[in-house]
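Protein chains in written order, with the numbering used here: chain S, 388 to 894; chain V, 159 to 415.
Note that the Cβ used here is the ideal one computed from N, Cα and C, for glycine as well.
For reference, the structure is listed below as C-alpha cells.
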C-alpha cells in the first residue's frame with residue numbers, strides 16, 4: 388500500500404512539467420484550428436512566443452521567434468528587423484534559457500520522449516563536442532542561408548525552417564495534413580517534406596536515447612538564448628557562501644553544463660534536489676521563486692509560507708488567463724469572423740458547347756475544378772485591367788503569390804516563360820497577397836518580368852473569387868470557356884504548366 | 159538481493175526490446191516516406207499532374223507502421239506497470255573531475271604542472287597531426303582533374319577513387335587524434351591523483367561568481383536596447399512583417415513544398 392502511494396507520488400507531475408504543459412496550451416490556444424485545419428490569423432501573432440512553437444501550427448496564437456528572426460534577416464536588405472531583435476533581446480535578458488526549461492513545447496515533447504524506457508546515452512565528451520553543433524547550425528542555416536538568399540537574390544528562404552525544423556514538420560505540416568479539410572495539401576508534398584520527415588524521425592529517436600538531443604545539439608533558439616544565460620534575470624542562482632564546490636550539480640545534470648547557469652544550463656532546477664549544501668535556488672533578481680528545502684540563507688521567518696501564497700495566487704491568475712485565452716482565441720477574436728463571400732450577380736445558365744446534346748448542362752459558379760470561375764476585375768500594376776469575363780476565349784492562368792513566399796518567387800520565371808511563349812493566346816495575372824504594407828511594384832519592376840502583375844484589394848477580391856487561403860503559392864487555370872480546370876496550392880514545374888496550358892487551350 | 163537483481167535484469171530486457179521497437183518504427187516510417195517519394199516521382203515523370211503524396215497513400219504508410227507503434231506503446235505501459243525506470247548516470251568526465259580536484263588545491267605541485275604541460279602538448283600535437291592528415295584530402299578535393307569525367311560509369315570510378323584516397327588519410331587523422339586523446343586522458347587521471355594528494359586550500363573551490371554591479375548594468379542596457387528596438391520595429395514595419403508571415407502558412411517552413 389505504502390509502495391503504491393510512493394509510486395503515485397513519484398508519478399505526480401512536477402511544477403515545472405505543469406508550467407511546460409501550461410505554456411504549450413497557451414501558445415496553441417486556438418483549438419478550433421485543429422478542428423477546422425486552419426491557422427489563426429489574429430493580431431496576437433504580432434507577438435512572438437518565447438519558446439519554439441511553429442506559427443503554421445493550426446493552434447498557434449503567436450509567432451515563432453526563430454521563424455520571425457529568419458524572416459527579418461531575409462528582409463534585412465529592405466527593412467531592418469528591429470522588432471524581432473528587440474523581442475529576442477527582451478526574452479533573452481529576462482529568461483535566458485529558462486525558456487528552454489519551462490516555456491518550450493518542443494522541450495516538453497523531448498522530455499516526454501526521453502521518458503520511454505530504453506538504455507540512455509550518458510553525457511560525455513562526444514555529447515559535449517556535439518553541443519557546439521548548434522552554433523554552426525545557427526550560423527549556417529539561420530543566418531547564412533537566409534541572409535544570402537535575402538540580400539543576394541531578394542527571396543525569403545528560412546534556412547533552418549526549410550531544411551531542419553522538426554517543429555514545423557510535426558506541429559505545422561502534420562497537424563494541417565491530419566485534418567480531412569486539407570486533403571488537397573497532400574498534393575504540395577515533395578522531396579522537401581520527405582527529407583524533413585526523415586530528419587524529424589531521426590531527431591525523435593535521438594531524443595528517446597539522449598536527453599533533449601535537439602535542444603543540446605541543434606536548437607538555434609537555445610544557442611541564442613544561451614548567450615544571455617550569464618545575465619538573465621530569472622534563472623537558477625548559486626549561493627556562493629553555501630556552495631562547497633563538490634560538483635554534484637554538474638555531475639547529475641543531464642545538459643552539457645560545466646557550471647550551474649552557464650550557456651548550456653536550461654535553469655530547470657533539477658540540481659536543487661542533489662545539492663547537499665542547499666546552495667541552489669531559482670530567483671528573479673533578488674526574489675526567490677523556488678527555494679531549496681529548508682529555505683534560502685537570510686530568509687525571514689514565514690518566507691516559505693509567503694512564497695506558497697504568492698505561487699498559489701500566480702497559478703490562479705495564470706489559469707484564469709488560460710481560460711480567457713481559450714475563449715478569446717476560439718470564439719471572440721475578430722479574425723475568426725470570416726468575410727462574407729462576394730455576392731455574384733445572377734448568372735444565366737451556362738451550357739457547354741455540345742452541339743449533339745439537346746439538354747443543357749448547368750455549370751455552377753465557384754472555384755472548384757469543373758466550376759465556372761466567378762467574374763472579378765482587378766487593376767494591374769501597369770494600369771491595365773484584368774477580368775475573367777474579358778479573358779474569355781483564351782486560356783487563363785492566375786497565380787497567387789507574395790514577395791515573402793520563397794516557393795512563389797522561385798516559380799514566377801516559369802509563369803513568365805509561359806506568358807512569353809503564348810503571349811497572343813493567354814490571359815495571365817500574378818496576384819500578390821494584400822497583407823503587407825510593402826509595395827511589390829518595385830520588386831516587380833526590378834524583376835524584369837513581362838507578364839501582368841496585380842495586388843489583391845483590401846477586401847480580397849481575387850482571393851475570395853478563387854478560393855485563396857493562407858497558404859501559397861496557388862495556381863488557377865481556366866479553359867477558353869472560363870471553366871476551372873486546375874486550382875491547387877502547390878508549386879508548379881515547367882512540364883505541369885505546359886500540360887495545363889495545352890489542356891486549357893484544347894477546350 | 160536476488161529480487162533486486164531479477165528486477166534489474168527484467169528492466170534491461172524491456173529497455174532493449176523498447177529500443178529495438180523505437181528504432182524499427184522510425185525506420186519503417188522513414189522507408190515508407192522515401193518509397194512514396196520515389197514511386198511518386200516516377201509517376202510524375204510520366205504525368206506532370208500526378209501527385210506524389212495523397213491522403214490514401216499516407217494512411218496506407220501509417221497503417222504499415224501501426225503494429226510496431228502499438229507494440230512499442232504496449233511495452234511502455236508494461237514497463238510503467240512493472241516500475242521500470244530510466245536512471246540518470248552521473249557525469250564522470252575525467253577532465254571535469256580533474257578541474258574539481260585542482261580547484262581545491264592550495265598550490266599546484268611540480269608533477270601537476272608537468273602533467274598539465276604534457277596535456278597541452280598532446281592536445282596541440284593531436285590536432286596538428288589531424289590537420290596535416292587532412293591536407294592531402296583538401297588538395298585532392300580541390301584538384302579539378304580528379305573530377306573530370308562526367309558520364310555515369312566515369313562518375314562511379316571517380317567516387318571509388320575518391321573514397322580510396324580519402325578514407326586512408328581520414329583514418330590516419332582520426333587515429334592520430336584518438337591516440338593523442340587517450341594519452342591526454344591518462345595524463346589527466348595522473349594529474350587528478352596528484353591533486354588528490356596535494357595540500358588542500360582553505361577555500362580553494364571555484365565559487366560561482368556573484369552577480370555584481372556589472373551584471374546589473376548589462377541587464378539594464380540590454381533591457382533599454384530591447385525596448386528601443388521594439389519601438390523602432392513597430393515604427394519601421396518589421397512588426398507588421400512578423401504578422402504577415404505568421405498569418406500565412408509558410409509552406410517551406412512546415413515542409414509542405
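* Asked: Is residue 493 of chain V helix, strand or coil by DSSP?
  -> Outside the displayed span of chain V (159 to 415) sits residue 493 of chain V, for which this structure offers no information.
* Asked: Hey, does residue 266 of chain V have any beta-carbon neighbour from chain S nearer than 9 Å?
  -> no
* To do: May I ask you to check if the CB of residue 777 of chain S is nearer than 8 Å to at least one heavy atom of the ligand GTP?
  => Absent from the structure shown: the ligand GTP. Ligands present: none.
* Comparing alpha-carbon positions, which option in V:180, V:345, V:186 lies nearest residue 269 of chain V? -> V:345
* Asked: Are the beta-carbon atoms of residue 630 of chain S and residue 678 of chain S separated by less than 9 Å?
  -> Against a cut-off of 9 Å, the Cβ pair of residue 678 of chain S and residue 630 of chain S comes out as no contact.
* Looking at chain S, which residues of the segment 372-385 of chain V have a Cβ within less than 8 Å of any of its Cβ atoms? -> 373, 376, 377, 380, 381, 383, 384, 385
* Asked: Quick one: Cα of residue 795 of chain S to Cα of residue 828 of chain S, how far?
  -> 16 Å
* Along chain V, which residues have their Cβ under 7 Å away from the Cβ of residue 432 of chain S? -> Neighbours of residue 432 of chain S on chain V, chain order: 401, 404, 405.
* Kindly indicate if chain S contains any beta-carbon less than 9 Å away from that of residue 353 of chain V. => Residue contact with chain S for residue 353 of chain V: absent (no Cβ-Cβ distance below 9 Å to any residue of chain S).
* Asked: Are there 16 or more other CB atoms within 10 angstroms of the CB of residue 378 of chain V, so buried, or fewer, so exposed?
  -> exposed
* Is it true that the CB of residue 777 of chain S sits closer than 9 Å to the CB of residue 832 of chain S? -> No, the pair does not count as a contact, with Cβ atoms beyond the cut-off.
* Exposed or buried, which one is residue 738 of chain S when buried takes at least 16 other CB atoms within 10 Å? -> With a pLDDT of 49 at residue 738 of chain S, under the threshold of 50, the modelled position of that residue is not reliable, and no figure is offered here.
* Asked: Apart from the five residues just before and just after residue 361 of chain V, which ones in its own chain have a Cβ nearer than 8 Å to its Cβ?
  -> With a pLDDT of 48 at residue 361 of chain V, under the threshold of 50, the predicted position of this residue should be treated as unreliable, though the coordinate-derived value follows. Counting only Cβ-Cβ distances below 8 Å, and skipping sequence neighbours, we find nothing.
* Counting contacts by CB-CB distance shorter than 9 Å, is residue 876 of chain S in contact with chain V? -> Interface residue, yes.
* residue 470 of chain S, buried or exposed, once every other Cβ within 10 Å from all chains shown has been counted against 16 -> buried
* Asked: residue 858 of chain S by DSSP, collapsed to three states: which one?
  -> DSSP places residue 858 of chain S in strand when its eight states are reduced to three.
* Asked: Looking at the structure shown, is residue 470 of chain V part of a helix, part of a strand, or coil, going by DSSP?
  -> Only positions 159 to 415 of chain V appear in this structure, which leaves residue 470 of chain V out of reach.
* To do: Going by CA-CA distance only, name the one from S:881, S:875, S:761 that's closest to residue 803 of chain S.
  => S:881
* Nearest CA to the CA of residue 635 of chain S: which residue from V:218, V:187, V:255? -> Closest option to residue 635 of chain S, Cα to Cα, is V:255.
* Ends of the alpha helix (DSSP H) at residue 815 of chain S? -> Boundaries around residue 815 of chain S are those of the beta strand (DSSP E), 814-819, since no alpha helix (DSSP H) includes it.
* Asked: If you measure from the beta carbon of residue 723 of chain S to each beta carbon in chain V, is any gap under 9 Å?
  -> Chain V contact via Cβ: absent.
* Is the Cβ-Cβ distance between residue 543 of chain S and residue 791 of chain S less than 9 Å? -> yes
* In terms of residues, what are the limits of the alpha helix (DSSP H) holding residue 643 of chain S? -> It is not in any alpha helix (DSSP H) - residue 643 of chain S carries neither H nor E in the DSSP assignment.
* Asked: What residues are listed by DSSP as bridge partners for residue 784 of chain S?
  -> S:815, S:864
* Same chain only: Cβ atoms within 8 Å of residue 407 of chain S, ignoring 5 sequence neighbours per side -> Closer than 8 Å at Cβ, skipping near neighbours: 489, 490, 491, 492, 494, 495, 498.
* Asked: In three-state terms, what does DSSP make of residue 739 of chain S?
  -> Residue confidence for residue 739 of chain S is low, a pLDDT of 49 falling below 50, so the modelled location carries little weight and cannot support an answer.
* In the DSSP assignment, find the unbroken beta strand (DSSP E) run with residue 873 of chain S in it and report its ends. => 871-875
* Asked: For residue 884 of chain S, which three-state DSSP category applies?
  -> helix
* Limits of the unbroken alpha helix (DSSP H) element including residue 700 of chain S -> Residue 700 of chain S: member of the alpha helix (DSSP H) spanning 690-714, first to last residue.
* To do: Determine the contact status of residue 721 of chain S and residue 768 of chain S, defining contact as a CB-CB distance below 9 Å.
  => no
* **Top-ranked residue by Cα proximity to residue 571 of chain S, from V:186, V:208, V:301** => Nearest C-alpha to residue 571 of chain S among V:186, V:208, V:301: V:208.
* **Within-9 Å CB hit, residue 632 of chain S to chain V** => When Cβ-Cβ separations below 9 Å define contact, residue 632 of chain S makes contact with chain V.
* Members of the segment 772-802 of chain S that neighbour chain V once the beta carbon cut-off is set at 8 Å -> 789, 791, 792, 793, 794
* Residues near residue 354 of chain V in its chain [Cβ-Cβ closer than 8 Å; skip 5 each side] -> 259
* What do you reckon, are the CB atoms on residue 888 of chain S and residue 809 of chain S nearer than 9 Å? -> yes
* Asked: Should residue 242 of chain V be flagged as near chain S, meaning a C-beta pair shorter than 9 Å?
  -> yes
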